[in-house]
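Okay, structure first, notes after.
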Amino acid sequence: VGKEVELTRKHIENFRTDGFLVIRNLLPEDQVDEINVGYQKAISGQIDVHDWKKRINSVPIAQLGDPSAVLGWRKFPYFQKILSIAKQLNGEDLEVAYDQLIYKPPYSPIEVLWHQDAGYGPWPEEAVERGITCWLALVDATPEQGSMQFIPGSHQQGIYLHHNAQDRNPIGGALEVRLEDQVAVPVSYQAGDCSFHHACTLHYTGPNQTNKERRSFSTHFWPTPAIDQR
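Count the sequence shown with the working numbering and you get residues 1253 to 1482, in order.
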């Protein structure tokens, strides 16, 4: 896979219908390893910016903001690849709004409860309509490890009611959508696989019930007008 990735019409149709798209083998092993060098430094407390050290040590899940800027990842090949895919899915004016490293150590009991990214708004209207997130797996990840699960078509239902869930998730400001009869699609990833989901797609990650780490990295893209309105 080169620096830019050309999607098929089927890829784009699936994303429009389901609100998410899984891309296999986006990154070869050497490019995954390159990112994991900085990732390891971050989760082991070697870098102390934005309260990273405190966030790592306080709870059995780490959500660290702005990792691509802090760790210099934006010069790596993955960045042009995921930006290229995001633009093909939701518009040529997309750019990075923010990104997050989210780490679940072995046996972390923490769920990231059902939510829509746009449920954490209010967001600018353009971001609600065309925002998109790339979730990149840096190790193999199964649902038992806390990989992503999605509700197909939920991005077409507007913003759901989000409830305060800080009693169940220590990440600041945690919210939860209470599902009724929706059927989830769990995704298993190999290192270097990724998924893209719409800002209004309901998604969830369960606890890590294994003796392996779950290393992931989320990049959120918004249209330029939405970024200008922040």
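All residues carry an ideal CB built from backbone N, CA and C; glycine is no exception.
Pairwise C-alpha distance: Q1340 and G1254: Start at 1 with the first residue of the sequence shown, and residue 1254 comes out as number 2. Start at 1 with the first residue of the sequence shown, and residue 1340 comes out as number 88. Any reading at G1254 must be qualified, since the residue scores a pLDDT of 49, below 50, and its modelled position is unreliable; no value is offered.
Spatial distance of P1358 from H1407 (CA atoms): The residue you call residue 1358 lines up with position 106 of the sequence shown. The residue you call residue 1407 lines up with position 155 of the sequence shown. The alpha-carbon atoms of P1358 and H1407 are separated by roughly 31 angstroms.
Which listed residue (L1335, E1258, V1429 and L1259) has its alpha carbon closest to that of E1363: Locating residue 1363 in the sequence shown gives position 111, counting from the first residue. The candidate whose alpha carbon is nearest that of E1363 is V1429.
Reduced DSSP category for G1317 - H, G, I as helix; E, B as strand; rest coil: Taking the sequence shown and counting its residues from 1, one reaches residue 1317 at position 65. In this structure, G1317 counts as strand in the three-state DSSP scheme.
Beta-carbon proximity list for Y1441, same chain, < 6 angstroms, skipping 5 on both sides: For the purposes of this step, residue 1441 is identified with residue 189 of the sequence shown, where counting begins at 1. Beyond the five residues adjoining it in sequence on each side, Y1441 comes within less than 6 angstroms, by CB distance, of A1389, A1393 and S1399 in the same chain, given in chain order.
Classification of Y1456 by the beta-carbon crowding that lies within 10 angstroms, buried from 16 upward: The sequence position of residue 1456 within the sequence shown is 204, counting from 1. When all chains shown are included, Y1456 counts as buried.
T1471 and C1386 closer than 7 angstroms at C-beta: Here residue 1471 refers to the residue found at position 219 of the sequence shown. Here residue 1386 refers to the residue found at position 134 of the sequence shown. Yes. Within cutoff.
Local conformation of K1356 per DSSP, three classes: As a working mapping, residue 1356 is identified with position 104 in the sequence shown. If DSSP states are grouped into helix, strand and coil, K1356 belongs with the strands.
Bridge-paired residues (DSSP) for A1389: Locating residue 1389 in the sequence shown gives position 137, where the first residue counts as 1. A1389 is bridged to S1468.
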